[in-house]
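Asks: Quick one: structure below, then a few questions.
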Amino acid sequence: MTRGPQLEPLPDGVLDKLRQVSTSTVATQLFKRGYRQPQMLGVRALSTVADGFVAEAFTMRFIPAREDVNTPDPYRSGNTLQWEAFEECPPGHALVVDSRGDASAASGGDMLMTRAWKRGVAGVVTDGGLRDGHVLSQLPFPTYAASVTITTRAAWHHVADLQVPIGCAGVAVYPGDVLVADRDGILVVPRAVAAEIADPSLEQEQLEAYVSTKIHAGEPLWGNYPPGEQTISEYKASLEDRHGT
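Right, here's the structure in full:
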């Protein structure tokens, strides 16, 4: 089933370039373009064996559960959107859950995360809680949440929509936005600027790797960070030497 807006594919190479850079680099490039707070604050990585992901967003929105709608037997209540999300999220995309910042009940657990992993989903993010934290910590699949919560989702959350604009950890997420996640956290890159920042992000990452060698060698910040003209010239010369030109 096709859900949400029909989007033009991102240009070739955009996601691959963003996979080579840190969230800090991407945040700097977004800041230069006026995006001051793209980070999902308070959301942390649960897996200790997965490094992160870069992927387009597939969204799911929760509202509070209500007794006349959400019965004690949720699996036969007719609301199957959560299962549909995990079966329909395209491989390579990330499932992003608007849990209203409420971790009173989990947004999912081991079985759903494992299913997402096996289907090739890039990762799962919620600003609420996830169950089975001890299992998710060892799963080679990126999961991000505000906390580990034992209480079942159906006790507190009702799945209202898929593939609609949501808020997750204080950041607007539209279907198809690009999420950049590493061990430090998650950033939301508006889809419209993803291609624009890909090359500058990679260039910044490579330049700062060179600057880091100077700082580790005991050189001062002045002229090096941020890099001045001399440092940039030295960096370009090092590239020429490396490529034998």
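Our numbering numbers the first residue of the sequence shown as 7 and each following residue consecutively. A virtual CB, placed ideally from N, CA and C, is assigned to each residue, including glycine.
(1) Once you ignore the five residues that flank I156 on each side, which residues in its own chain have a CB closer than 8 angstroms to its CB?
(2) Is the beta carbon of D190 closer than 9 angstroms to that of S28?
(3) So for G10, helix, strand or coil by DSSP?
(4) Could you tell me the alpha carbon to alpha carbon distance between S239 and P233, rounded to whole angstroms?
(5) If distances are taken between C-alpha atoms only, which option among Q88, T149, V184 and L87 comes closest to P44?
(6) Assuming the contact rule is C-beta atoms closer than 8 angstroms, E94 and R9 should be a hit. Round their C-beta distance to whole Å, please.
(7) Which runs of the beta strand (DSSP E), 3 residues or longer, sit entirely within the region 174–203?
(8) Would you report the Cα separation of Q26 and D74, rounded to the nearest angstrom?
(9) What span of residues does the beta strand (DSSP E) with T158 cover, start to end?
(10) Quick one: residues in its chain with C-beta nearer than 6 angstroms to the C-beta of H140, no 5 flanking neighbours on either side, listed in chain order?
(11) Looking at the unbroken alpha helix (DSSP H) that takes in F254, where does it start and where does it end?
(12) Can you tell which of P96, A223, F92 and H163 has the C-alpha that lies nearest to the C-alpha of D133?
(13) In terms of residues, what are the limits of the alpha helix (DSSP H) holding A63?
(14) Whose C-alpha, out of F64, R106 and A109, is nearest the C-alpha of L295?
(15) For P146 and A200, what's the separation of their Cα atoms in angstroms?
(16) Please report the residue range of the alpha helix (DSSP H) in which D167 lies.
(17) Could you tell me which of V131, S105 and A198 sits nearest to T149, measuring between CA atoms?
(18) Excluding sequence positions up to five away, which residues of its chain have a Cβ less than 7 angstroms from the Cβ of R67?
(19) Please say whether C174 and V195 have beta carbons closer to each other than 9 angstroms?
(20) Candidates L142, T120 and S207: which alpha carbon is nearest K38's?
(21) Helix, strand or coil for G135, going by three-state DSSP, please let me know.
(22) Buried or exposed: which applies to E214, given that a residue is buried once 16 or more other Cβ atoms fall within 10 Å of its Cβ?
(23) Taking a contact to mean a Cβ-Cβ separation below 9 angstroms, would you say A128 touches V60 in this structure?
(24) Buried or exposed for I192, please, with buried defined as at least 16 other CB atoms from any protein chain shown within 10 angstroms of its CB.
Replies: Per the coordinate set shown:
(1) For this step, residue 156 is matched to residue 150 along the sequence shown. Same-chain partners within the cutoff: A112 and R137.
(2) Position 22 of the sequence shown holds residue 28. Position 184 of the sequence shown holds residue 190. Going by C-beta atoms, S28 is nearer than 9 angstroms to D190.
(3) Working through the sequence shown from its first residue, we reach residue 10 at position 4. Here G10 sits in coil by DSSP.
(4) Stepping through the sequence shown from its first residue, residue 239 is reached at position 233. Stepping through the sequence shown from its first residue, residue 233 is reached at position 227. Taking the straight line joining both Cα atoms gives about 10 angstroms.
(5) For this step, residue 44 is matched to residue 38 along the sequence shown. Of the candidates Q88, T149, V184 and L87, the one whose C-alpha sits nearest the C-alpha of P44 is V184.
(6) As a working mapping, residue 94 is identified with position 88 in the sequence shown. As a working mapping, residue 9 is identified with position 3 in the sequence shown. Confirmed, about 7 angstroms.
(7) 177–179, 184–188 and 191–195
(8) Here residue 26 refers to the residue found at position 20 of the sequence shown. Here residue 74 refers to the residue found at position 68 of the sequence shown. Whole-angstrom Cα-Cα distance: 49 angstroms.
(9) Here residue 158 refers to the residue found at position 152 when the sequence shown is read from its first residue. Unbroken run through T158: none, as it is neither H nor E.
(10) In the sequence shown, counting from the first residue as 1, residue 140 sits at position 134. Within the same chain, H140 has no close Cβ partners at all.
(11) Not covered by the structure: residue 254. The range shown for the chain is 7 to 251.
(12) Start at 1 with the first residue of the sequence shown, and residue 133 comes out as number 127. Of P96, A223, F92 and H163, the residue nearest in Cα terms is H163.
(13) By one-based count along the sequence shown, residue 63 stands at place 57. It is not in any alpha helix (DSSP H) - A63 instead sits in the beta strand (DSSP E) that spans F59 to P70.
(14) Since the first residue shown for the chain is 7 and the last is 251, residue 295 is missing from the structure and cannot be characterised.
(15) Locating residue 146 in the sequence shown gives position 140, counting from the first residue. Locating residue 200 in the sequence shown gives position 194, counting from the first residue. Approximately 26 angstroms between the Cα atoms of the pair.
(16) Taking the first residue of the sequence shown as position 1, residue 167 is located at position 161. Taken as a continuous stretch (DSSP letters only), D167 belongs to no alpha helix (DSSP H), being part of the beta strand (DSSP E) at H163 to L168.
(17) As a first step, residue 149 is located in the sequence shown; it is residue number 143 there, counting from the start. For the residues V131, S105 and A198, the minimum Cα distance to T149 belongs to V131.
(18) The count along the sequence shown starts at 1 and reaches residue 67 at position 61. Within the same chain, R67 has close Cβ partners D104, A166, D167, V170 and I172.
(19) On the sequence shown, position 189 is the one that residue 195 refers to. On the sequence shown, position 168 is the one that residue 174 refers to. No, they are not a contact pair.
(20) For the purposes of this step, residue 38 is taken as the residue at position 32 of the sequence shown. Considering only alpha carbons, the answer is S207.
(21) One-based indexing of the sequence shown puts residue 135 at position 129. Strand, per DSSP.
(22) The residue given as residue 214 occupies position 208 in the sequence shown. E214 comes out buried.
(23) Position 122 of the sequence shown, counted from the first residue, corresponds to residue 128. Position 54 of the sequence shown, counted from the first residue, corresponds to residue 60. Result yes, Cβ atoms of A128 and V60 sit closer than 9 angstroms.
(24) As a working note, residue 192 is residue 186 in the sequence shown. Its Cβ being crowded by 16 or more others within 10 Å, I192 is buried.
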